[in-house]
Amino acid sequence: MDATTFRDATALGHAIRRLRKAKGWSQADLARLAGTDARQVSRIETAAHEPKLSLLLAVIAALELDLALLPRQGASPETARPRPEDIF
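Numbered per the numbering used here, the sequence shown spans residues 2 to 89.
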């Protein structure tokens, strides 16, 4: 799978929903695997709130994905410092 860049919670939430559905899982299925409840998964998918990083990492892991921090295109390696808002 190619790397995908997300710069806002809405785009990330839509991707999580798309990936969950591609696996044939309900929100409850993903929630159970991530150790949370379906309401939290719904709120992440719709960007209704910003979850704790630990919850987001659990959802990503449940989807069998990794989170990678990559320098922005055109950024020099010495000065490339991701900002928190660039991660999601």
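Each residue gets a CB set at the ideal place from its N, CA and C atoms; glycine is no exception.
Could you name the residues of the same chain whose beta carbon sits closer than 7 Å to that of residue i, not counting the 5 residues immediately before and after it, in chain order?
i, result
"Thr1", "Outside the shown range of the chain, which is 2 to 89, sits residue 1, and nothing can be said about it."
"Ala39", "Gln28, Ala29, Ala32"
"Gly36", "Ala59"
Starting from residue i, follow the alpha helix (DSSP H) in both directions and report where the run begins and ends.
i, result
"Asp30", "28-35"
"Ala12", "10-23"
"Asp87", "85-88"
"Gln41", "39-46"
How many Å lie between residue i and residue j at the Cα?
i, j, result
"Arg21", "Leu57", "14 Å"
"Ala62", "Leu34", "9 Å"
"Ala69", "Gly25", "25 Å"
Cutting at 6 Å between CB atoms, please list the residues of its own chain near residue i, excluding the five before and the five after it.
i, result
"Val42", "Gln28, Leu31, Ala32"
"Leu54", "none"
Do we get a CB-CB distance below 8 Å when we pair residue i with the residues of chain D?
i, result
"Arg21", "Given the protein chain composition of this structure (a single chain), no chain D is represented."
Can you check whether the CB of residue j is closer than 8 Å to the CB of residue i?
i, j, result
"Gly75", "Ile45", "no"
To which residues of the same chain is residue i closer than 8 Å at the C-beta, ignoring the five residues directly before and after it?
i, result
"Asp87", "Arg8, Arg73"
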